[in-house]
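Here is the structure we will look at.
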């Protein structure tokens, strides 16, 4: 029996019983000629062993899940209580619930065919708000698509969300991308794109540029556990470590990539299990515990900036909603499973319990806020729906910094065509020159 | 800029003393460009030295500029980054892990965050793992964000094209893959003077650029390159030899093959060819080609990459549309075959001067 100690996590890995292999005289000769007791290979730092033993990944408990509050909103270890002010906690709660309200209304509006697509954030509101609250508002965020709460925390208005989903004339993205592909220069939130994982090495490059500019900021990169299977995830984790970049990788492990359960996504100890292999500081947190997420992110940010190195946070959570409006998740998972997370272990109800226990919130406030919130969302929704779409010529802008002659020519051809066949195009919905 | 005009003039007047680069199996003869005395001090440089010089200027002029890729720190496997790390520091010229998608993604991110990112992909053959980052991300960054984010300060350099013995994965010319992707600029120089000016243009251009360097020219192409900081316009083709009977279009090494074809056609057929280096594949200079074809009535396009959907197809279709009434013969394309690039059969695969010469004959006799 050879117990191998994985020092960083204090995990005992017990290898299978294995007889000593007699390597024979050859190894003894080699040892006599060796001037150093330790192996000299450039590719690793380790010691010799004469036991033939494979490292087994399945003989130890996984990396533990850090939590601050229990499911009833009670702080377990007072030393871990971030001691956030009443005002801050209420802001967190309002942000999470406002996101939830917006999700419900926009999800319904897609069902009614009023917007083409939507993705909710149900069950993952805590990961967004807890992490965003621990960042400096000037830290650059690269997201995947299910992180709307971070934008909301930073002040992206309901109107801005709605304008993007409607692709109307006030959408900062000029109506070019699908709904929920938000972006904001002012709020340092890089525009979302659909290809999964691509943002990860980009976040590393941005963090490298931040390091060189010595601006005292870090870069935050969100991604799901499915995305972590992409080659770009491997590229990003490895580049960030070898190039010493102040970046936080924040994995939302919600158990599913569309229909694929995480057990078909990987065989190791989740995503956090990979961090040490890349030489990264790593932690796993309860993603439904907004304070655990906050604490981990705050610490990760300090480490990233002061030590100029990447940190990996894996937030364990559950995707309560369907993957998107194009998905019916009952086709691959049980309603009971979903109900468990919605009713028994939800980030919003847990924070509400915490606030109730502090006397910071009550039923009357809840009722009033719910109504107020719904009214705000509905008003923004109605405003966005009424607006015209951008001028159709926006098709041709921003392909390049300047418009090349061949694109200008194509725009001109289309303009002539549209004039000729005006009645066959939805011109009345689009702004004119 | 002015440099283009004087190069053109010098090339037309100065078509003598071709420099034989290698007697052994070389499929082309490199003829150096020259610049006028008004361009200031010049220095003898081969292609890799001109690129090195260009990168040195970029790093000196722009404190945010960084160079990275596989093995660039010690000078690069083609010596293009020699001495740059010593001069500009380890934080500005550094090795990355061996991962092309990572290199491209890292470059996009650095550019997005305000740095000038100059990435190297070791061989153009190995750019494909980065295809997603280049085409889905870099090319569309500005567009999809409505212009609020962009990675315009990204340039990706990669050695490309035939080298005599590079076989399947050290010979490819992938420009047409990228020519189908709006948002990118794709540039291929034919020699050191152009390489220096065009690379500086790419680095300073506000759009993501791919800069493909014909690696067979790294050592074999030597010119007197201006020492000063200069740029050359993108999306401008160069007329290298003026002629009346037929227009020949190529880029990179193929320009030198076609130059010999011009001479062969003149000597053996008494045909006057107009030679054009396209220089920029995307967005390409349709106007210069169309004007030439309106004059000559005949067009031959030659490139090393395979025929089907090669960039020659785009040129042929566009020129057919622009110059239908002027064309006296079908547009000819002489290219690599629709096969992978072979090892032992390279001399038979290449669109060499004899295949091009035969196509000229066919065009004039049509």
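Residue numbers (this note's numbering), protein chains in the order written: chain X, 1 to 433; chain S, 1001 to 1366. Each residue gets a CB set at the ideal place from its N, CA and C atoms; glycine is no exception.
Please state if the CB of residue j and the CB of residue i are separated by a distance shorter than 8 Å.
| i | j | result |
| --- | --- | --- |
| residue 1067 of chain S | residue 1084 of chain S | yes |
| residue 1199 of chain S | residue 1211 of chain S | yes |
| residue 1259 of chain S | residue 1278 of chain S | no |
| residue 1162 of chain S | residue 1304 of chain S | yes |
| residue 142 of chain X | residue 221 of chain X | yes |
| residue 298 of chain X | residue 96 of chain X | no |
| residue 230 of chain X | residue 271 of chain X | no |
| residue 1232 of chain S | residue 1197 of chain S | yes |
| residue 1242 of chain S | residue 1032 of chain S | no |
| residue 146 of chain X | residue 121 of chain X | yes |
| residue 1117 of chain S | residue 1154 of chain S | yes |
| residue 161 of chain X | residue 325 of chain X | no |
| residue 232 of chain X | residue 197 of chain X | yes |
| residue 1316 of chain S | residue 1333 of chain S | yes |
| residue 1363 of chain S | residue 1246 of chain S | yes |
| residue 71 of chain X | residue 345 of chain X | yes |
| residue 1361 of chain S | residue 1269 of chain S | yes |
| residue 1107 of chain S | residue 1057 of chain S | no |
Output yes if chain S places a C-beta closer than 8 Å to the C-beta of residue i; else output no.
| i | result |
| --- | --- |
| residue 176 of chain X | yes |
| residue 462 of chain X | No answer is possible for residue 462 of chain X: it lies beyond the span of chain X, which begins at 1 and ends at 433. |
| residue 193 of chain X | yes |
| residue 185 of chain X | yes |
| residue 110 of chain X | no |
| residue 179 of chain X | no |
| residue 198 of chain X | yes |
| residue 42 of chain X | no |
| residue 304 of chain X | no |
| residue 201 of chain X | yes |
Go ahead and pull the three-state DSSP assignment for residue i.
| i | result |
| --- | --- |
| residue 1043 of chain S | strand |
| residue 1246 of chain S | strand |
| residue 247 of chain X | strand |
| residue 1098 of chain S | coil |
| residue 1269 of chain S | helix |
| residue 240 of chain X | helix |
| residue 1237 of chain S | coil |
| residue 1354 of chain S | helix |
| residue 1274 of chain S | strand |
| residue 253 of chain X | strand |
| residue 282 of chain X | strand |
| residue 192 of chain X | coil |
| residue 303 of chain X | helix |
Count the other C-beta atoms from every protein chain shown that fall within 10 angstroms of the C-beta of residue i, then say buried if there are 16 or more, exposed otherwise.
| i | result |
| --- | --- |
| residue 48 of chain X | exposed |
| residue 86 of chain X | exposed |
| residue 24 of chain X | Its pLDDT being 43, under 50, residue 24 of chain X is placed unreliably by the model, and nothing is read from it. |
| residue 1351 of chain S | buried |
| residue 1175 of chain S | buried |
| residue 155 of chain X | exposed |
| residue 306 of chain X | exposed |
| residue 1287 of chain S | exposed |
| residue 22 of chain X | Any answer about residue 22 of chain X is weak, because its pLDDT of 42 lies below 50 and its placement is not dependable; what the coordinates show is given next. Exposed is the call here. |
| residue 150 of chain X | buried |
| residue 57 of chain X | exposed |
| residue 398 of chain X | buried |
| residue 1102 of chain S | buried |
Is residue i close to chain X? Criterion is C-beta to C-beta, closer than 8 Å.
| i | result |
| --- | --- |
| residue 1132 of chain S | yes |
| residue 1148 of chain S | yes |
| residue 1182 of chain S | yes |
| residue 1159 of chain S | no |
| residue 1069 of chain S | no |
| residue 1152 of chain S | yes |
**Report entry** Near-chain X residues of the segment 1193 to 1210 of chain S (beta-carbon distance less than 9 Å), N- to C-terminal order
**Finding:** 1205, 1206, 1207
Query raised in the report: What residues in the segment 388 to 419 of chain X have a beta carbon less than 7 Å from any beta carbon of chain S?
Result: 398, 399, 400, 401, 404, 406
Query raised in the report: Of the residues that make up the segment 1135 to 1146 of chain S, which ones have a beta carbon closer than 9 Å to any beta carbon in chain X?
Result: 1136, 1137, 1139, 1140, 1141, 1142, 1143, 1144, 1145, 1146
Query raised in the report: Which residues, in order along the segment 1076 to 1108 of chain S, keep a beta-carbon less than 9 Å from a beta-carbon of chain X?
Result: 1091, 1092, 1094, 1095, 1096, 1097, 1099, 1100, 1101, 1102, 1103, 1104, 1105, 1106, 1107, 1108
Query raised in the report: Which residues, in chain order, does the segment 330 to 342 of chain X contribute to contact with chain S at a C-beta distance below 8 Å?
Result: none
**Report entry** Positions along the segment 138 to 166 of chain X whose CB lies within less than 7 Å of some CB in chain S
**Finding:** 140
**Report entry** Near-chain S residues of the segment 219 to 251 of chain X (beta-carbon distance less than 8 Å), N- to C-terminal order
**Finding:** 219, 231, 232, 234, 235, 236, 238, 239, 242, 243
Query raised in the report: the segment 1234 to 1249 of chain S: which residues have C-beta closer than 9 Å to a C-beta of chain C, in chain order?
Result: You won't find chain C in this structure, because its protein chains are X and S.
Query raised in the report: When Cβ atoms are compared, which residues of the segment 273 to 284 of chain X fall closer than 8 Å to chain S?
Result: none
Report task. Taking a Cβ distance cut-off of 8 Å, strictly less, list which residues of the segment 1108 to 1130 of chain S are near chain X, in chain order. Result -> 1108, 1109, 1110, 1111, 1112, 1113, 1114, 1115, 1117, 1129
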